[in-house]
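Please read the structure below before turning to the comments.
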Amino acid sequence: MVADAVKANKLALVYLTYKLADGRVVLHGHVGDIGE
Numbered sequence: 004m005v006a007d008a009v010k011a012n013k014l015a016l017v018y019l020t021y022k023l024a025d026g027r028v029v030l031h032g033h034v035g036d037i038g039e
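Residues in the sequence shown are numbered from 4 upward in steps of one, following our numbering.
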């Protein structure tokens, strides 16, 4: 089900971290289209 949604561009899985102290978000990886 998840793989089908990713293939159909209806779902993306994103792995990121957020550093509260400086407000920084770091993208570590993704599967699927997340745009720009």
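A virtual CB, placed ideally from N, CA and C, is assigned to each residue, including glycine.
task = To the nearest angstrom, report how far apart I37 and A15 are at their CA atoms.
result = Numbered from 1 along the sequence shown, position 34 holds the residue referred to as residue 37. Numbered from 1 along the sequence shown, position 12 holds the residue referred to as residue 15. Cα to Cα, I37 sits roughly 6 angstroms from A15.
8 angstroms contact criterion, which V29 and L19 should meet: CB distance rounded = Here residue 29 is taken as the residue at index 26 of the sequence shown, counted from 1. Here residue 19 is taken as the residue at index 16 of the sequence shown, counted from 1. Cβ atoms of V29 and L19 come within 8 angstroms of each other, at about 6 angstroms.
K10, DSSP secondary structure in three states = Here residue 10 is taken as the residue at index 7 of the sequence shown, counted from 1. DSSP places K10 in helix when its eight states are reduced to three.
task = Please list, in chain order, all residues of the same chain as V5 whose beta carbon is under 7 angstroms from its beta carbon, the five residues on each side excluded.
result = As a working mapping, residue 5 is identified with position 2 in the sequence shown. Answer for V5: L14, listed in chain order.
key: Option in D7, A11, V17, D25 with minimal Cα separation from H31   = Sequence index remark: in the sequence shown, residue 31 carries index 28 (1-based). When each option's Cα is compared against that of H31, the closest is V17.
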